[in-house]
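Chemist: Numbering follows the numbering used here, with no gaps: position 58 of the sequence shown is 68. We put the beta carbon where it would ideally sit given N, CA and C, even for glycine.
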Amino acid sequence: MKYGTDIAGPTGATNEKPVGLVCIAVVVDDIVEVKECQLRGSRIDIKNISANTALNMVRLKLIGKC
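1) Here's a check: name, in chain order, each residue in its chain whose Cβ is nearer than 8 angstroms to the Cβ of Q42, leaving out the five neighbours to either side.
2) Three-state secondary structure (DSSP) at K75?
3) Based on Cα-Cα distance, which residue from T21, D39, P28 and L72 lies nearest to C47?
4) Here's the rule I'm using: 16 or more other beta-carbon atoms within 10 Å means buried, otherwise exposed. How should V44 be labelled?
5) Let me confirm a value: A23 is counted as buried when at least 16 other C-beta atoms fall within 10 Å, else exposed. Which label applies?
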């Protein structure tokens, strides 16, 4: 599993990549699932929500729900 954030803030935003834009991908058996999220909150909030979302995507893959 690899984890990283796009623009968690408070700086670094552009018109194309606003603060809070996070892309999460899970790959299982060469099948890629990508989720793009536009999150709000502090930098820590955005990092925590994106980490929890990524872990939930992995959990759903493991139990066969996704």
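Modeler: Considering the structure as presented:
1) Here residue 42 refers to the residue found at position 32 when the sequence shown is read from its first residue. A quick correction: the sequence has Val, not Gln, at residue 42. Counting only Cβ-Cβ distances below 8 angstroms, and skipping sequence neighbours, we find A35 and V36.
2) Counted from its first residue, the sequence shown places residue 75 at position 65. Here K75 sits in coil by DSSP.
3) In the sequence shown, residue 47 corresponds to position 37, counting from 1. Out of T21, D39, P28 and L72, P28 has the C-alpha closest to the C-alpha of C47.
4) Taking the first residue of the sequence shown as position 1, residue 44 is located at position 34. Around the beta carbon of V44, fewer than 16 other beta carbons sit within 10 angstroms, so the residue counts as exposed.
5) Residue 23 sits at position 13 when you count from the first residue of the sequence shown. A23 should be labelled exposed.
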